[in-house]
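Participant: Numbering (my numbering), first residue to last: 18 to 232. Sharing a structure, written as structure tokens. Questions coming.
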Ligand SMILES: [Zn+2]
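Right under this line is the structure:
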């Protein structure tokens, strides 16, 4: 690869007691950035300040509190639009109910500015990510694929050696299995998978050895 070619830099910041991996994408050509799946704003804002990047948007893979709990604080601080899959609105609106389940204090509901749909192109600076609908863990769950660098932000669909839980309301194992087989395992095997929790993996590795869903 040309070292001077414009790139999408990916930073992962584990946040919240759930050790949720928040992603900060940076377009190195424009210095524009996007924050994906923010469970807790402060550690991410610290990194944003340290890097001196300009955040232009916030996005979420799905509506669980560890992936959206920091959004209201980000919106207040950054005043940039928030992209969210509307099929997960029942999770988003019920964020305080989710917090209560885990013994956490009530939380403010983040209000999205834009919906996400399967096949749409999402831009970070001059870089493009493909939005793929992968229901199963939640009905609206989206993953984000950057073809140019073969990287995927997979939220809670696929983990290194595991898959997302399907025992929540409106969760579905058959849907999750179909999402992984038809939307994720069909991407190039070298693709690096950034998971919502735990270490990164590759599609080829999971397709061969994942104990729950194989190609
Ligand atoms: Zn989740």
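Where is the CB? At the ideal position from N, CA and C, for every residue including glycine.
So if I measure from each beta-carbon to every heavy atom of ligand 1 and keep distances below 5 Å, which residues remain?
Facilitator: 81 and 173
Participant: Hey, quick one: how far does the beta strand (DSSP E) through residue 145 stretch, first residue to last?
Facilitator: Along the chain shown, one-based indexing puts residue 145 at 128. Segment 144 to 150, the beta strand (DSSP E) holding residue 145.
Participant: Consult DSSP for residue 222 and reduce its assignment to one of helix, strand or coil.
Facilitator: In the chain shown, counting from the first residue as 1, residue 222 sits at position 205. Note: residue 222 maps to helix in three-state DSSP.
Participant: How big is the Cα-Cα spacing for residue 185 and residue 107?
Facilitator: As a position in the chain shown, residue 185 is number 168, starting the count at 1. As a position in the chain shown, residue 107 is number 90, starting the count at 1. Approximately 12 Å between the Cα atoms of the pair.
Participant: Compute the beta-carbon to beta-carbon distance between residue 60 and residue 32, rounded to the nearest angstrom, for a pair I have assumed lies under 8 Å.
Facilitator: Sequence index remark: in the chain shown, residue 60 carries index 43 (1-based). Sequence index remark: in the chain shown, residue 32 carries index 15 (1-based). Rounded, the Cβ-Cβ distance is 5 Å, consistent with contact.
Participant: Identify, in the order they occur along the chain, each residue of the same chain with its Cβ nearer than 7 Å to the Cβ of residue 57, setting aside the five sequence neighbours on each side.
Facilitator: Walking along the chain shown from the start, residue 57 turns up at place 40. Annotation for residue 57: 32, 33, 86 and 87 place their beta carbon closer than 7 Å to its own, counting only its chain and skipping 5 residues before and after.
Participant: For the structure I just gave you, are there three or more beta carbon pairs, one from the stretch 169 to 179 and one from the stretch 100 to 114, closer than 8 Å?
Facilitator: no
Participant: Which residues share a DSSP beta bridge with residue 112?
Facilitator: Position 95 of the chain shown, counting from 1, holds the residue named residue 112. As far as DSSP is concerned, residue 112 takes part in no beta bridge.
Participant: Would you mind sorting residue 159 into buried or exposed? The rule is 16 or more other CB atoms within 10 Å of its CB.
Facilitator: Taking the chain shown and counting its residues from 1, the one referred to as residue 159 is at position 142. Buried: at least 16 other Cβ atoms inside 10 Å.
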